[in-house]
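A.B. asks:
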Amino acid sequence: MTLKLNSSSQAAFTSRREPQRSPIGIFDSGVGGLTVLRELYRQLPNESVIYFADTARLPYGMRSAAEILQFGFEILSWMVQQDVKMVVMACNTSDALALETLRSEFELPILGLILPSARAAVVQGRRLGVIATPATAASNAYKKAIVEIVPSAQVWQVGCPEFVPLVEQNRLQDPYTSEVARQYLEPLLKQRIDTLIYGCTHYPHLEPILREILPATVSCVNPAVHVVAAAARELDLVGLNNTLGVRPTRFCVSGCPQEFARTSRQWLGCTPIVEKINLPTLSCRSLPLSSVE
Ligand code: DGL
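The sequence shown lines up with residues 104 to 396 when you count with my numbering.
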């Protein structure tokens with residue numbers, strides 16, 4: 104459970120006497136991962152968490168695969184330094200574009216949202232709509248995962264470039280946001296979907312708006328629920344459940360801490376203390392150096 108590239112991190116991890124006490128690392132580009140954090144508080148209340156939001160570089164959904172891989176590599180390297188025992192990637196874009204490569208770079212468990220959500224979605228329906236960032240939609244990651252489980256399932260994906268900035272700007276009640284949502288959902292409703300997957304962790308924050316537009320017969324899949332259930336199973340499997348007392352969540356951002364604290368308080372029920380972090384600048388060995396700025 105160590106970063107292969109860094110022997111001092113390896114030593115730190117293996118020498119720990121109580122690895123189950125280590126926090127779970129959760130990361131996203133911004134406040135989207137709070138939908139996963141909230142679910143983690145519900146399903147795994149005894150676990151401590153380090154939450155990292157890469158707010159200086161959001162939105163991720165318009166970035167290239169090389170950038171997403173590089174960002175993921177930097178964040179995971181930092182998280183290993185913080186002694187996390189597991190990472191929950193609370194970002195579909197990172198999962199779609201970089202999960203497999205990052206798993207080959209690090210030895211600690213790294214959980215993604217897409218596979219557990221695809222498994223849950225095919226239990227709910229066969230005409231599946233996915234709303235996601237442009238990068239996730241273009242990657243076809245959801246469609247591939249679903250069709251691999253149920254080849255006859257029908258999947259329609261829509262990239263929604265405006266949603267993440269609207270959520271980060273806290274424009275949840277804005278009539279403009281409703282209008283944009285109506286436009287994004289229209290092609291899916293035309294296909295008479297029975298199930299809608301929130302293919303970006305920011306989107307459950309828009310649930311009140313989305314539910315107003317969706318017919319009651321359409322059920323929604325919130326990947327946060329399923330990735331945390333997968334994390335719970337993984338902790339059982341590796342015997343790393345924390346039974347030793349939970350620590351307060353540490354919130355860290357690459358951008359403005361005050362802004363993150365202001366936006367996130369509505370979902371956390373309190374104003375968090377937020378630290379600004381300068382991530383280490385490292386090169387991912389799976390990435391040709393020329394593709395990194
Ligand atoms: N919330 C993330 C996701 O699930 C990233 C969104 C973004 O920054 O564009 O894809």
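For glycine and all other residues, C-beta sits at the position ideal for the given N, C-alpha and C.
#1: Answer yes or no: do Leu-143 and Ile-234 have a C-beta to C-beta separation smaller than 8 Å?
#2: Classify Glu-378 as helix, strand or coil using the three-state DSSP reduction.
#3: Should Asp-157 go down as buried or exposed, given a rule of 16 or more other Cβ atoms within 10 Å for buried?
#4: Mind pulling the beta strand (DSSP E) runs of 3 or more residues that sit fully within the segment 252-340?
#5: What did DSSP end up calling Pro-162 once you bin it into helix, strand or coil?
#6: Where Tyr-245 and Leu-147 are concerned, what is the direct C-alpha to C-alpha distance, given to the nearest angstrom?
#7: Return the CA-CA distance between Val-183 and Ile-127, expressed in angstroms with no decimal places.
#8: Considering Asp-198, what are the terminal residues of the alpha helix (DSSP H) in which it resides?
#9: Check the C-beta distance from Leu-347 over to Glu-121 and give it rounded, since I have them as a contact under 8 Å.
#10: Can you look up Val-349 in the DSSP assignment and give me helix, strand or coil?
#11: Please confirm whether any heavy atom of the ligand DGL lies closer than 7 Å to the CB of Tyr-163.
#12: I think Gly-164 touches Thr-196, with their Cβ atoms under 8 Å apart; what is that distance to the nearest whole Å?
#13: Among the residues of its own chain, which have a CB less than 6 Å from the CB of Asp-186, if the five just before and after it don't count?
#14: Taking the alpha-carbon of Asn-381 as reference, which of Glu-177, Arg-145, Phe-130 has the nearest alpha-carbon?
#15: Quick check: what's the CA-CA separation for Asn-345 versus Ile-213?
#16: Is the distance from the Cβ of Leu-161 to the Cβ of Glu-271 below 8 Å?
C.D. replies: Checking against the coordinates, here is how it stands:
#1: On the sequence shown, residue 143 is found 40 positions in, with the first residue counted as 1. On the sequence shown, residue 234 is found 131 positions in, with the first residue counted as 1. No, these two residues do not count as a Cβ contact at 8 Å.
#2: Position 275 of the sequence shown holds residue 378. Strand at Glu-378.
#3: Position 54 of the sequence shown, counted from the first residue, corresponds to residue 157. Buried, because 16 or more other Cβ atoms sit within 10 Å of the Cβ of Asp-157.
#4: 257-262, 298-302, 322-324
#5: On the sequence shown, position 59 is the one that residue 162 refers to. DSSP places Pro-162 in coil when its eight states are reduced to three.
#6: The residue labelled residue 245 in the question sits at position 142 within the sequence shown. The residue labelled residue 147 in the question sits at position 44 within the sequence shown. Distance between the alpha carbons of Tyr-245 and Leu-147 is about 26 Å.
#7: Within the sequence shown, the letter at position 80 stands for residue 183. Within the sequence shown, the letter at position 24 stands for residue 127. Here the alpha carbon of Val-183 sits roughly 10 Å from the alpha carbon of Ile-127.
#8: The count along the sequence shown starts at 1 and reaches residue 198 at position 95. Here the alpha helix (DSSP H) through Asp-198 covers 195-208.
#9: Residue 347 sits at position 244 when you count from the first residue of the sequence shown. Residue 121 sits at position 18 when you count from the first residue of the sequence shown. Correct: roughly 6 Å between the Cβ atoms.
#10: Counted from its first residue, the sequence shown places residue 349 at position 246. It is coil, neither helix nor strand.
#11: Counted from its first residue, the sequence shown places residue 163 at position 60. Yes - the ligand DGL has a heavy atom lying nearer than 7 Å to the Cβ of Tyr-163.
#12: Residue mapping note: residue 164 aligns to position 61 of the sequence shown, counting from 1. Residue mapping note: residue 196 aligns to position 93 of the sequence shown, counting from 1. Right, the Cβ-Cβ distance comes to about 5 Å (below 8 Å), so this counts as a contact.
#13: Position 83 of the sequence shown holds residue 186. The residues are Ser-125.
#14: For this step, residue 381 is matched to residue 278 along the sequence shown. If we check each option's Cα against that of Asn-381, Glu-177 comes out closest.
#15: Working through the sequence shown from its first residue, we reach residue 345 at position 242. Working through the sequence shown from its first residue, we reach residue 213 at position 110. Looking at the two C-alpha atoms, the distance is approximately 17 Å.
#16: Position 58 of the sequence shown, counted from the start, is the residue given in the question as residue 161. Position 168 of the sequence shown, counted from the start, is the residue given in the question as residue 271. For Leu-161 and Glu-271, yes; Cβs fall inside 8 Å.
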